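**Student:**
In the working numbering, the protein residues as written are 164 to 581.
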């Protein structure tokens, strides 16, 4: 019940311009005693558009190999109904009151046992299991030593019943990685906890510098005026991303900026997130107040621009980027826009607070009203917008690029194997 994912090679030396020669030398030095180490990352999807975990692994695995590790990426392939349960787990860990039924728990356990059985002949020195989908594998396959759990979800206020159900499955893990301290549940032994944030790859096409003329051309090709004020949120259609709150903020800002335009971009591709269609229908009802200026881009069959170019164009070509999440494990779309020198208005939630320093390199907001006011402030004050954008890019360069994530993992592997 698993499948190995094969990737093209890449070189850590290619990142020298982005992070500096000293960072590259440090990474190579840390990696030297780890040469030949067998590392397997396990998650639930490798699809483009399948979420931040898949995107990170697509860049991280080749770099691990380049510095000498024998790194593999495996995805689990359980029945479709399993992902319905893990979506409930995701939502309830982020605070949803509706937890798991007894049938849900039974399905999670039975499927976990079957997946674990398929892993029993696999060999590795270190295993990394990402998020709740493969979490139970080491519990049911006890020969998988040196296992690490990497939880990407906002765990600041989890549903207690769901959390208590999952807690025993963490027991076999040597280390459990969270993105920030506020996600660490007190029932997790502190000696098992590691804190480090995700990161973006500055060399993939989505994050490379895009000429303004190209960005404008892509924007115009979707019937959006490239020279009128434009704000965008680029996220899947998920209630935790609060797309309806973004539309409400747009209506507020439009009172002062009559020609304002809004784009909500979220291609419907992620196989393990079945609820996006329901949220999209709710969003479509709110668009009726201004269908000429609110643009929903979600159907890959109707979008001719390649996805990474599309995202790059709207992040680079928008005046302001929004990420008004009410729960957020980290928020790679925030990082991407900041790397492009854009001011980002983010929800005062989870990992967004780790990235945006309110009033310095972006704004944090807690309501549509506050968001609408900040949109007006940034669009009417281009100097402030540019200043915040410069600070945002510098922050990402220092803290949130993929070589730093590689270094964090290498240091963790050394610690686990000691």
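The C-beta atom is built at its ideal place from N, Cα and C for all residues, glycine as well. Quick caveat, the model's predicted, so the values are computed rather than measured.
Could you tell me whether the Cβ atoms of residue 279 and residue 517 are closer together than 8 Å?
**Tutor:** Not in contact: residue 279 and residue 517 (Cβ atoms no closer than 8 Å).
**Student:** Whether or not the segment 443 to 457 and the segment 419 to 427 are in contact is what I'm after, with contact meaning three or more pairs of Cβ atoms, one per stretch, closer than 8 Å; do they touch?
**Tutor:** In short, these stretches touch, since the Cβ pair count reaches three.
**Student:** Report all residues from its chain with a CB closer than 6 Å to the CB of residue 435; omit the five preceding and five following residues, and keep chain order.
**Tutor:** Note that residue 435 scores 40 on pLDDT, short of 50, meaning its location in the model is unreliable; the coordinates nonetheless yield the value given after this. Cβ neighbours of residue 435 beyond the five flanking positions: 207, 208 and 246.
**Student:** Which two residues bound the contiguous beta strand (DSSP E) that contains residue 233?
**Tutor:** Looking at the DSSP string, the run of the beta strand (DSSP E) that includes residue 233 is 233 to 239.
**Student:** Please give me, in chain order, every unbroken run of the alpha helix (DSSP H) with length at least 4 that falls completely inside the segment 389 to 437.
**Tutor:** Listed in chain order, the complete alpha helix (DSSP H) runs (minimum 4 residues) inside the segment 389 to 437 are 406 to 417.
**Student:** Please report whether the beta-carbon of residue 179 lies at a distance below 8 Å from any beta-carbon of chain C.
**Tutor:** Chain labels in this structure do not include chain C; a single protein chain is all it has.
**Student:** In terms of DSSP beta bridges, what is residue 310 paired with?
**Tutor:** Residue 310 is bridged to 290.
**Student:** Quick check on residue 528: does DSSP put it in helix, strand or coil?
**Tutor:** If DSSP states are grouped into helix, strand and coil, residue 528 belongs with the strands.
**Student:** Alpha carbon to alpha carbon, what distance is there between residue 548 and residue 366?
**Tutor:** Spanning the two alpha carbons is a distance of roughly 25 Å.
**Student:** Among all the DSSP beta bridges, which residues are the ones paired with residue 338?
**Tutor:** 311, per the DSSP bridge assignment.
**Student:** With contact counted as at least three CB pairs below 8 Å, one residue from each stretch, are the segment 403 to 416 and the segment 462 to 478 in contact?
**Tutor:** No, because fewer than three Cβ pairs between the segment 403 to 416 and the segment 462 to 478 fall closer than 8 Å, the two stretches do not touch.
**Student:** Using the DSSP secondary-structure output, state which residues sit across from residue 246 in a beta bridge.
**Tutor:** Bridge partners of residue 246: none, in fact.
**Student:** For residue 554, report the span of its alpha helix (DSSP H) as first-last.
**Tutor:** 545 to 562 is the span of the alpha helix (DSSP H), which, as asked, contains residue 554.
**Student:** Compute the beta-carbon to beta-carbon distance between residue 340 and residue 323, rounded to the nearest angstrom, for a pair I have assumed lies under 8 Å.
**Tutor:** Not quite, the Cβ-Cβ distance comes to about 22 Å (not below 8 Å), so this is no contact.
**Student:** Where do the N-terminal and C-terminal ends of the beta strand (DSSP E) with residue 598 fall, by residue?
**Tutor:** Any property of residue 598 remains undetermined from this structure, which presents the chain solely from 164 to 581.
**Student:** Could you check the C-alpha separation between residue 372 and residue 169 for me, to the nearest Å?
**Tutor:** The alpha-carbon atoms of residue 372 and residue 169 are separated by roughly 27 Å.
**Student:** Report yes or no: do the segment 373 to 384 and the segment 484 to 501 share at least 3 C-beta pairs separated by less than 8 Å?
**Tutor:** Because the criterion of three Cβ pairs below 8 Å is not met, the segment 373 to 384 and the segment 484 to 501 do not touch.
**Student:** With DSSP as the reference, label residue 228 as helix, strand or coil.
**Tutor:** Helix.
**Student:** Which partner residues does residue 458 have in the DSSP bridge list?
**Tutor:** BP columns for residue 458 point to 426.
**Student:** Can you find the residues in the same chain that come closer than 6 Å, C-beta to C-beta, to residue 345, ignoring five residues on each side of it along the sequence?
**Tutor:** If we look at residue 345 and ignore the five residues flanking it on each side, its Cβ neighbours are 319.
**Student:** Who are residue 182's beta bridge partners in DSSP?
**Tutor:** DSSP output for residue 182 lists no bridge partner at all.
**Student:** Rounded to whole angstroms, what is the Cα-Cα separation between residue 552 and residue 504?
**Tutor:** If I take the Cα positions, the gap works out to 4 Å.
**Student:** At the level of alpha carbons, what is the spacing between residue 310 and residue 214?
**Tutor:** Their backbone Cα atoms lie some 23 Å apart in a straight line.
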